[in-house]
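Participant: Just so you know, we're using UniProt numbering here: the sequence shown kicks off at 1 and counts up by one. For every residue, glycine included, the Cβ atom is placed at its ideal position computed from N, Cα and C. Pasting in a structure now, in structure tokens, and then I'll have a few things to ask.
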Amino acid sequence: MEKMSYEMRVQAVLDKFNEYNKINDDIKRFGIFNSFNVSHQIEKEYLYFEIRNTDNEEFDLLTSASSEQSIQINLHKDSEFNWLIKTMNRFIEKSKVSMKKAREIAKPQVGILVYDEFTDSYFLNPTSGPVLLKSKEIMKEIASTRLDIFGIFINLRSALIESDRRSEIIGDSFGKVLDKIKESVKNIQNMETKLRKIEGIPRYICDLKEVDAKISFESFATVDFGVEILKFNKFNEYDITGELDDMAFVESLYIKIRKIEETCKQMIDLGRSLISKNDPNLYNQDSSTKLWILTHEGRETMSNLNIMDFINNDISEVSFEIN
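See below:
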């Protein structure tokens, strides 16, 4: 596939922003659903964007490079451009699901909303709306649209493509770098023991060995869940061996392991966040195994998030066909 020009990349991103905003403008007409909107600014090769709830009265303020909420994307970098397109596609998919739910709830026979042709908007039915909104099933449908996945993906981005890991070991001795590698592997293994108890959250399993002046590292990601797993479904497999005195190899190994470690930290934070949510309740804890098991709403949420897509090593190499 021919490499996209800068102008084509800008247009592709703006098309995604416009599609997302258009869907959410429609969702906003239904009132009881959360809707979001993208604002952006372009400065040379950099694009700054943010997504805010449309209930935010300050939303019309322009996004800028100085905004603490804005995310910087270098449009010349394939990994960052691809990440943004992939992320916007996921946001668009989620918004389409919310739009479908809103239209179902807005049907006259449901009795929750009434249509106002003068404003082309929907309002709560004063007679039956408040009572029906308290229905457990309706509350779940509405609550499922209120999960803000923007922050989740932004945190994943920082773990995957933003940080310069090499700068963390500048000036360190060879032995110091090895110590940092071992400490990071230990942290990954400790986090894996916690993540394996939470259904649907990806985790990394890894092993580091030193044999005969060589160092080897094996790792893979998985979402397999259960007390006893005989055969793992593996993603992002990594198996490499090099000489212990090869500083270039050890540096590259450090960068790889730190990337995995930071991703695991994001998964820990995500797991805690989703477990704590009770509107809707996404997890129940099994009293005997102490495992955190997804509820029906939790499974739908995980299907929407499709987190493994965003920690896949190949994501930065994907070339997107933009129609």
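Quick one, are the C-beta atoms of residue 198 and residue 261 less than 8 Å apart?
Facilitator: Working through the sequence shown from its first residue, we reach residue 198 at position 198. Working through the sequence shown from its first residue, we reach residue 261 at position 261. In this structure, residue 261 does not lie closer than 8 Å to residue 198 by Cβ.
Participant: Out of curiosity, what's the CA-to-CA distance linking residue 50 and residue 222?
Facilitator: For the purposes of this step, residue 50 is taken as the residue at position 50 of the sequence shown. For the purposes of this step, residue 222 is taken as the residue at position 222 of the sequence shown. Whole-angstrom Cα-Cα distance: 31 Å.
Participant: Quick check on this structure: which residue in 271, 238, 266 has the alpha carbon closest to the alpha carbon of residue 257?
Facilitator: For the purposes of this step, residue 257 is taken as the residue at position 257 of the sequence shown. When each option's Cα is compared against that of residue 257, the closest is 238.
Participant: Leaving out five residues on either side along the sequence, give the residues of the same chain with a beta carbon under 8 Å from the beta carbon of residue 46.
Facilitator: Taking the first residue of the sequence shown as 1, we reach residue 46 at position 46. Excluding sequence neighbours, residue 46 sits near 65, 72, 73, 74, 75.
Participant: Relative to the alpha-carbon of residue 128, which residue among 111, 231, 12 has its alpha-carbon at the smallest distance?
Facilitator: The residue labelled residue 128 in the question sits at position 128 within the sequence shown. It is 111.
Participant: Return helix, strand or coil for residue 271, following the three-state DSSP convention.
Facilitator: Taking the first residue of the sequence shown as position 1, residue 271 is located at position 271. Helix at residue 271.
Participant: Using the rule of at least 16 other Cβ atoms within 10 Å of the residue's Cβ for burial, across every protein chain shown, is residue 24 buried or exposed?
Facilitator: Stepping through the sequence shown from its first residue, residue 24 is reached at position 24. With 16 or more Cβ atoms within 10 Å of its Cβ, residue 24 is classed as buried.
Participant: According to DSSP, is residue 16 part of a helix, a strand, or is it coil?
Facilitator: If you number the sequence shown from 1, residue 16 lands on position 16. It is helical.
Participant: Rounded to whole angstroms, what is the Cα-Cα separation between residue 232 and residue 29?
Facilitator: As a working note, residue 232 is residue 232 in the sequence shown. As a working note, residue 29 is residue 29 in the sequence shown. Whole-angstrom Cα-Cα distance: 46 Å.
Participant: Out of 165, 218, 245, which one is the CA nearest neighbour of residue 327?
Facilitator: Look at the range of the chain in this structure, 1 to 323, and you will see that residue 327 is not part of it.
Participant: What are the start and end residues of each continuous alpha helix (DSSP H) run of 4 or more residues lying completely inside the stretch 211–293, in chain order?
Facilitator: The stretch 211–293 contains these whole alpha helix (DSSP H) runs: 247–276.
Participant: Closest by CA to residue 192, which one among 204, 26, 200?
Facilitator: To locate residue 192, count along the sequence shown from 1; it is residue 192. Out of 204, 26, 200, 204 has the C-alpha closest to the C-alpha of residue 192.
Participant: Residue ranges of each alpha helix (DSSP H) run of no fewer than 4 residues wholly in the stretch 170–219, ordered along the chain?
Facilitator: The qualifying runs are 174–195.
Participant: So the alpha helix (DSSP H) residue 93 belongs to, where does it begin and stop?
Facilitator: On the sequence shown, position 93 is the one that residue 93 refers to. Here the alpha helix (DSSP H) through residue 93 covers 78–105.
Participant: Pick out whichever of 265, 251, 228, 200 has its Cα sitting closest to the Cα of residue 297.
Facilitator: On the sequence shown, residue 297 is found 297 positions in, with the first residue counted as 1. Ranking the options by Cα distance to residue 297, first place goes to 200.
Participant: Going straight from the alpha carbon of residue 54 to that of residue 34, what length do you get?
Facilitator: Taking the sequence shown and counting its residues from 1, one reaches residue 54 at position 54. Taking the sequence shown and counting its residues from 1, one reaches residue 34 at position 34. Each residue's alpha carbon lies about 8 Å from the other.
Participant: Kindly indicate which three-state DSSP category residue 52 falls into: helix, strand or coil?
Facilitator: As a position in the sequence shown, residue 52 is number 52, starting the count at 1. If DSSP states are grouped into helix, strand and coil, residue 52 belongs with the strands.
Participant: Measuring alpha carbon to alpha carbon, tell me which residue in 93, 122, 117, 96 is nearest residue 106.
Facilitator: By 1-based counting over the sequence shown, the position of residue 106 is 106. Residue 122 is the option with its Cα nearest to residue 106.
Participant: Looking at residue 282: is its Cβ nearer than 8 Å to the Cβ of residue 274?
Facilitator: Your numbering for residue 282 matches position 282 in the sequence shown. Your numbering for residue 274 matches position 274 in the sequence shown. In contact: residue 282 and residue 274 (Cβ atoms closer than 8 Å).
Participant: From residue 13 to residue 90, what distance separates their C-alpha atoms?
Facilitator: As a first step, residue 13 must be located in the sequence shown, where it is residue number 13. As a first step, residue 90 must be located in the sequence shown, where it is residue number 90. Going from the Cα of residue 13 to the Cα of residue 90 covers about 14 Å.
Participant: Grab the span of the beta strand (DSSP E) containing residue 114 for me, first residue to last.
Facilitator: Position 114 of the sequence shown, counted from the start, is the residue given in the question as residue 114. Residues 113–116.
Participant: Answer with buried or exposed for residue 102, where buried requires no fewer than 16 other C-beta atoms within 10 angstroms of its C-beta.
Facilitator: If you number the sequence shown from 1, residue 102 lands on position 102. So residue 102 ends up on the buried side.
Participant: Measure from the alpha carbon of residue 18 to the alpha carbon of each residue in 95, 220, 299, then state which is nearest.
Facilitator: Taking the sequence shown and counting its residues from 1, one reaches residue 18 at position 18. Ranking the options by Cα distance to residue 18, first place goes to 95.
Participant: To the nearest angstrom, how far is it from the Cα of residue 202 to the Cα of residue 114?
Facilitator: Your numbering for residue 202 matches position 202 in the sequence shown. Your numbering for residue 114 matches position 114 in the sequence shown. Distance between the alpha carbons of residue 202 and residue 114 is about 43 Å.
Participant: Our contact map puts residue 194 next to residue 268 with C-beta atoms below 8 Å; I'd like the distance itself, whole angstroms only.
Facilitator: For this step, residue 194 is matched to residue 194 along the sequence shown. For this step, residue 268 is matched to residue 268 along the sequence shown. The pair is a contact, with the Cβ atoms about 6 Å apart (cut-off 8 Å).
Participant: DSSP three-state call for residue 74: helix, strand or coil?
Facilitator: What you label residue 74 is simply residue 74 of the sequence shown in a count that begins at 1. If DSSP states are grouped into helix, strand and coil, residue 74 belongs with the strands.
Participant: Can you pull the DSSP bridge partners for residue 40?
Facilitator: Here residue 40 refers to the residue found at position 40 when the sequence shown is read from its first residue. Paired residue(s): 49.
Participant: Taking only the alpha-carbon atoms, compute the straight-line gap between residue 285 and residue 293 and give it to the nearest angstrom.
Facilitator: As a position in the sequence shown, residue 285 is number 285, starting the count at 1. As a position in the sequence shown, residue 293 is number 293, starting the count at 1. Taking the straight line joining both Cα atoms gives about 6 Å.
Participant: On the three-state DSSP scale, how would you describe residue 128?
Facilitator: Sequence index remark: in the sequence shown, residue 128 carries index 128 (1-based). Looking at residue 128 - three-state DSSP - the assignment turns out to be coil, as it is neither helix nor strand.
Participant: With distances taken Cα to Cα, identify the nearest neighbour of residue 43 among 104, 6, 37, 245.
Facilitator: Position 43 of the sequence shown, counted from the first residue, corresponds to residue 43. Measuring from the Cα of residue 43, the nearest candidate turns out to be 6.
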